[in-house]
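Numbering (our numbering), first residue to last: 34 to 711. The beta carbon of each residue, even a glycine, is placed where N, CA and C say it ideally should be.
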Amino acid sequence: MLTRILSNPGNVKTKFQALQLHAQIIITGNTSSSSHTSTLISIYSNFNNLLHYTILLFHTLHSPPSLVAWKSIIRAYTSHTLFHQALYSFIQMRGFGIYPDHNIFPSVLKSCAVIMDLRLGQSVHGSIIRCGMGSELYTCNALMNMYFKFQGFVALHVFDEIPQRKGVCCTKDLSFGSSESEIKIGSFDDSVRKVFELMPKRDVVSWNTVIAGNVQNGMYEEALIMLREMGNANLKPDSFTLSSVVPIFAEYVDVIKGKEIHGYAIRSGFDSDVFIGSSLIDMYAKCTRMEDSLRVFDLLPRRDAISWNSIIAGCVQNGAFDEGLRFFRLMLSAKIQPMPVTFSSIMPACAHLTTLHLGKQLHGYIIRGRFDENVYIASSLVDMYGKCGNIRMARWIFDRIESHDIVSWTAIIMGYALNGYGNDAISLFEQMEKEGIKPGYVSFIAILTACSHAGLIDRAWEYFNSMTENYGIAPGLEHYAAVADLLGRAGRLEEAYELILNMHIEPTGSVWLTLLAGCRIHKKTELAVKVAEKIFGVDPDNMAAYVLLSNVYAISGRWKEVAKLRICMRNKGMRKKPACSWIEIKNKVHAFSAGDKSHPYYDRINEALKVLLEKMEREGYVADTNEVLHDVDEEQKKTLLFSHSERLAIAFGVINSPAGTTIRITKNIRIGNNQFHN
Numbered sequence: 034m035l036t037r038i039l040s041n042p043g044n045v046k047t048k049f050q051a052l053q054l055h056a057q058i059i060i061t062g063n064t065s066s067s068s069h070t071s072t073l074i075s076i077y078s079n080f081n082n083l084l085h086y087t088i089l090l091f092h093t094l095h096s097p098p099s100l101v102a103w104k105s106i107i108r109a110y111t112s113h114t115l116f117h118q119a120l121y122s123f124i125q126m127r128g129f130g131i132y133p134d135h136n137i138f139p140s141v142l143k144s145c146a147v148i149m150d151l152r153l154g155q156s157v158h159g160s161i162i163r164c165g166m167g168s169e170l171y172t173c174n175a176l177m178n179m180y181f182k183f184q185g186f187v188a189l190h191v192f193d194e195i196p197q198r199k200g201v202c203c204t205k206d207l208s209f210g211s212s213e214s215e216i217k218i219g220s221f222d223d224s225v226r227k228v229f230e231l232m233p234k235r236d237v238v239s240w241n242t243v244i245a246g247n248v249q250n251g252m253y254e255e256a257l258i259m260l261r262e263m264g265n266a267n268l269k270p271d272s273f274t275l276s277s278v279v280p281i282f283a284e285y286v287d288v289i290k291g292k293e294i295h296g297y298a299i300r301s302g303f304d305s306d307v308f309i310g311s312s313l314i315d316m317y318a319k320c321t322r323m324e325d326s327l328r329v330f331d332l333l334p335r336r337d338a339i340s341w342n343s344i345i346a347g348c349v350q351n352g353a354f355d356e357g358l359r360f361f362r363l364m365l366s367a368k369i370q371p372m373p374v375t376f377s378s379i380m381p382a383c384a385h386l387t388t389l390h391l392g393k394q395l396h397g398y399i400i401r402g403r404f405d406e407n408v409y410i411a412s413s414l415v416d417m418y419g420k421c422g423n424i425r426m427a428r429w430i431f432d433r434i435e436s437h438d439i440v441s442w443t444a445i446i447m448g449y450a451l452n453g454y455g456n457d458a459i460s461l462f463e464q465m466e467k468e469g470i471k472p473g474y475v476s477f478i479a480i481l482t483a484c485s486h487a488g489l490i491d492r493a494w495e496y497f498n499s500m501t502e503n504y505g506i507a508p509g510l511e512h513y514a515a516v517a518d519l520l521g522r523a524g525r526l527e528e529a530y531e532l533i534l535n536m537h538i539e540p541t542g543s544v545w546l547t548l549l550a551g552c553r554i555h556k557k558t559e560l561a562v563k564v565a566e567k568i569f570g571v572d573p574d575n576m577a578a579y580v581l582l583s584n585v586y587a588i589s590g591r592w593k594e595v596a597k598l599r600i601c602m603r604n605k606g607m608r609k610k611p612a613c614s615w616i617e618i619k620n621k622v623h624a625f626s627a628g629d630k631s632h633p634y635y636d637r638i639n640e641a642l643k644v645l646l647e648k649m650e651r652e653g654y655v656a657d658t659n660e661v662l663h664d665v666d667e668e669q670k671k672t673l674l675f676s677h678s679e680r681l682a683i684a685f686g687v688i689n690s691p692a693g694t695t696i697r698i699t700k701n702i703r704i705g706n707n708q709f710h711n
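See below:
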């Protein structure tokens, strides 16, 4: 009975059966048999939570362990993510002169890939060739996967210059070496291609490995070519293939091709696969097709953390911030543990909605879950607090980050910029440079925004020019818009006009819009008309441009032109978005629009405004009615100014907050975040 079981170890299906078999070996006095022990090690290595027994048994072998024992211990270490121990065992086995078989190399290659030891991986490749297994199916699949992992690692670290290495390493000494790469990224492609082409037989895993590797390393065209060749080889893509390919169409924003893959998944019965579902949700979201994303999510029979994160990120990326927060709450209700990337996805929703209490709740959850040491999550918190106006908290979190990267630096610089602390933002930018962190595309948006808000024209030009001269970064639309905005605020409108006109890229309506706003501030009607024509040339239905131009005409008293513009807007089906301000009091958001009398506290708000106005007038305040752009008399203008949405929100904050409280008002027109102290 015992001999029969040991000769067919695959029949042992449970941990309990494995332990019973071990007990029988001890009872029958067969513990001295190395073959029995090796078989038992092999059985134990198939089960989780039996690693301790596997190791103990392995060390009871007095004579050099057999190939079966080495194979089992290496597999056990690898499956329990003890990759260094797996590789050390492999080196010991080779030291005893035992030649590995095809079952050992996949585990060894996986370990090399995970710990990113390139030299050892190449040495193992050499050993595979010398052992005559260079065309074995599973070994070749593992080899290709390893080289793709190395390629991704090297690309991520962007080594400046890596000498070309020819051939493979056939060193007999398989000692642990430095993981510093000695070959160019292109040679990884060569290694994978050679392995793939020399395979006499390729299965779906082989094709999937090559396709997924190409996708992970941004080689989308190569991946699609391999997908077509896979079909030519009469092999059908499986769920892993499709989940690897769908992200390509997300990157290309090609919803037509993405839908074709979706249709194939439905016809093949893969549409309920959670990995494909998550990829489709992400693809549709990046193609701005949130209805399709939501439909895919709703039809998933099972949802994991990745699918929840995909729908949350999709909502936030498409500006559906409330929906993103709703899905986050549903995720928690479904008892799904958020991943670090989930918090990085949801934080921008709090930042854009400036819902500080929700941001604080998420911060508390992050601390309880011990995610606060993750630099990406910490950077998201810095960004959220900065955009919600709590720059002190943003700085406190930033200072607690152990090692600052470009993301965390950019978040804190932008935080100071948006809150009007231009000089502090510049100091931080200079400190970042001193610490050896090279500013990136977004970093320059942050520092130019800081210069714009602080009116630092000369410094802005210095940074704008240094982008190209010192860092090789071509200015984008956001950089031009920031400089144009700065020049517009300063009244240097012709200079801003020339800047936009001579951009190296085609200016969009949003860039011209910053200049149109400057024309409104400085009452430059003729230039405003020229700029508006530029906007309507690229974006005929830009409602903000119609509103700003109408305001420019109104400031100049050209009411006939105002009327014409309003008729034109009406004919186009445009309706001006009413100015709205909102304030958060006791975890509840209260919204106000100009002249709004619907709020239950309206009478108290009105009384508070009268008291505040009297105090302000005693201090010398005189109402500026120039900004009331209506063709009415002076008294009516004062009344309209008195009932401005922001004033209503401030008064509500004053009567509902203790003395000394910071009152934060958010506006929907030229989105702002103003702070006042009660």
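Comparing C-alpha distances from Lys700 to each of Ala624, Leu481 and Glu647 shows the shortest one belongs to Ala624.
Sequence-distant partners of Ile533 (beyond 5 residues in either direction) whose C-beta falls short of 7 Å from its own C-beta, in its chain, are Tyr513, Ala517, Pro540, Val544, Trp545 and Leu548. About 42 Å separates the beta carbon of Phe569 from that of Tyr634, a gap too long to meet the 8 Å contact definition. Looking at the backbone, the Cα of Leu275 and that of Ile76 are separated by about 35 Å. Nearest Cα to Met465 within the set Met323, Arg335, Ala444 and Gln155: Ala444.
In the pairwise beta carbon analysis, the region 128-143 is classified as touching the region 158-178: at least three pairs are separated by under 8 Å.
The straight-line gap separating the alpha-carbon atoms of Ser168 and Thr70 is approximately 32 Å. Less than 8 Å divides the Cβ of Ile688 from the Cβ of Ala641. Distance from the CA of Asn82 to the CA of Leu451, rounded to the nearest whole angstrom, comes to 53 Å.
One thing to note: Phe376 has its Cβ within 8 Å of the Cβ of Leu395. Burial check for Ala507: the Cβ neighbour count within 10 Å stays below 16, so the residue is exposed. Excluding its 5 nearest sequence neighbours in each direction, Arg322 has C-beta neighbours in its own chain below 7 Å: Val288, listed in chain order. In this structure, the beta-carbon distance from Phe431 to Val408 does not fall below 8 Å. Distances from the alpha-carbon of Leu520 to those of Ser312, Phe116 and Phe497 put Phe497 closest.
Here Ser476 is near Ile446, since their CB atoms are less than 8 Å apart. Cα atoms of Leu681 and Arg522: separation of roughly 27 Å, rounded to the nearest angstrom. For Thr695, the enclosing beta strand (DSSP E) begins and ends at Thr695 to Lys700. Spanning the alpha carbons of Leu358 and Ser340 requires a straight line of approximately 15 Å.
With fewer than 16 other CB atoms across the displayed protein chains lying within 10 angstroms of its CB, Val655 is exposed. For the alpha helix (DSSP H) assignment, the uninterrupted runs of no fewer than 4 residues enclosed by the region 88-153 are, from N- to C-terminal side, 100-112, 116-128 and 138-148. Residue burial is scored here from C-beta neighbours: Ile400 has fewer than 16 other C-beta atoms within 10 angstroms and is therefore classed as exposed.
Thr47 is classed as exposed because its beta carbon has fewer than 16 other beta carbons within 10 Å across all chains shown. Taking the C-beta atoms as reference points, Ile314 is found no nearer than 8 Å to Val349. Taking a C-beta distance under 8 Å as the contact criterion, Gly246 and Phe183 do not qualify as a contact pair.
Looking at the DSSP output, His623 shares a beta bridge with Ile616. Under the three-state reduction of DSSP, Tyr513 is assigned to helix. When C-alpha distances from Ile696 are compared across Asn423, Asp134 and Ile345, the shortest belongs to Asn423. Sequence-distant Cβ neighbours of Ala561 in its own chain, meaning closer than 8 Å and more than five residues away, are Leu549, Cys552, Arg553, Leu581, Leu582 and Val585. In terms of Cα proximity to Phe80, the closest of Ile59, Leu94, Pro97 and Ser105 is Ser105.
The beta carbons of Ile131 and Leu100 sit closer together than 8 Å. Arg127 has its alpha-carbon roughly 16 Å from the corresponding atom of Met166. When Arg608, Leu89, Lys557 and Lys563 are compared, the shortest CA-CA separation from Gly590 is found for Lys557. Within the same chain, Ile369 and Met372 come within 6 Å of Ala338 by CB-CB distance, once the 5 residues on both sides are set aside. Membership of Gly352 in any alpha helix (DSSP H) is not indicated, and neither H nor E is assigned to it by DSSP.
In terms of CA proximity to Met149, Met179 leads the group Arg163, Met179, Asp306 and Gly693. Shown here, Gly606 sits in coil according to DSSP, grouped into three states, outside any helix or strand.
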